[in-house]
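Working notes, structure below.
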Amino acid sequence: MPAIKMGRLALKVLLEGNASSQQLEVLYLASIYSNGDSFRIEVIDRWYDINSAVDAILVQIIRNGGLCVGDKISCAGPHANGLSEGALPLFDTAKSALLSLTGNSVRRDRWHTKLGFQPKRMMYMSLSAVHELGGPIGAALDVTILRSYAMLYVETMATDQRVVRTEKEEQRIGVTFTEKRTMLLQEVL
1 MPAIKMGRLA
11 LKVLLEGNAS
21 SQQLEVLYLA
31 SIYSNGDSFR
41 IEVIDRWYDI
51 NSAVDAILVQ
61 IIRNGGLCVG
71 DKISCAGPHA
81 NGLSEGALPL
91 FDTAKSALLS
101 LTGNSVRRDR
111 WHTKLGFQPK
121 RMMYMSLSAV
131 HELGGPIGAA
141 LDVTILRSYA
151 MLYVETMATD
161 QRVVRTEKEE
171 QRIGVTFTEK
181 RTMLLQEVL
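So for the sequence shown, the UniProt record's numbering puts the first residue at 1; every next one is plus one.
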């Protein structure tokens, strides 16, 4: 954390393996490379660059024009694939690394947002913005619970009749059942 407060560059800290997976960072989308159905993007923080692999949701967003070259993107919890341990960004081992970005952990940001680590610790999103195939959710979900329902229990009798009970009724029936069972066991013994 002290390294982040001193203003070290986000990708350098990430490639060295010193970045927290929960830290929110803003990167600049420098270029988009298309290879048929797959895309690869290059992101930079003020100085260093890294190639990034994108998932199917981000490919769809890029195709629809939701992300273009020149946009700033907020990334929650990105990690570098291809590095067993940290490496300095200017070495060849760091150049072979790919930053893994998923649709649920990347959002387009405002043009005036500063690049690098952000003081706010999390990115918030609504539950409706979560994609099933978008990978891990790198944000805090903003959920409002409108109503909470009591737990109901359904018992199917031997005559295929269903009985619905509340939790208190189920506990009461459970107590009487255990009492009857213990009485039967005592009679047998």
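Glycine included, every Cβ here is placed at the ideal spot set by N, Cα and C.
- With 16 or more other CB atoms across the displayed protein chains lying within 10 angstroms of its CB, Gln118 is buried.
- Nearest C-alpha to Ile32 among Ile73, Ser100, Val69 and Lys180: Val69.
- With 16 or more other Cβ atoms from the protein chains shown falling within 10 Å of its own Cβ, Glu25 counts as buried.
- Within the same chain, and ignoring the five residues on either side of Glu167 in sequence, the residues whose Cβ sits closer than 6 Å to its Cβ are Met151.
- The DSSP-derived three-state label of Ser128 is helix.
- Comparing alpha carbon positions, the residue from Tyr124, Gly116 and His112 closest to Ser105 is Tyr124.
- For Val163, same chain residues with a beta-carbon under 6 Å away, outside a window of 5 residues either side, are Glu155 in chain order.
- Taking all protein chains in view, the Cβ of Thr102 is crowded by 16 or more other Cβ atoms within 10 Å, so the residue is classified as buried.
- Beyond the five residues adjoining it in sequence on each side, Val59 comes within less than 8 Å, by CB distance, of Asp37, Ser38 and Phe39 in the same chain, given in chain order.
- Distance from Ser74 to Arg121 at the Cβ level is roughly 12 Å; contact not present, criterion being Cβ atoms closer than 8 Å.
- Distance from the CA atom of Val130 to the CA atom of Leu9, rounded to whole angstroms, is 29 Å.
- Between the C-alpha atoms of Thr113 and Glu16 there is a straight-line separation of about 24 Å.
- Around the C-beta of Val143, fewer than 16 other C-beta atoms lie within 10 Å, and the residue is accordingly described as exposed.
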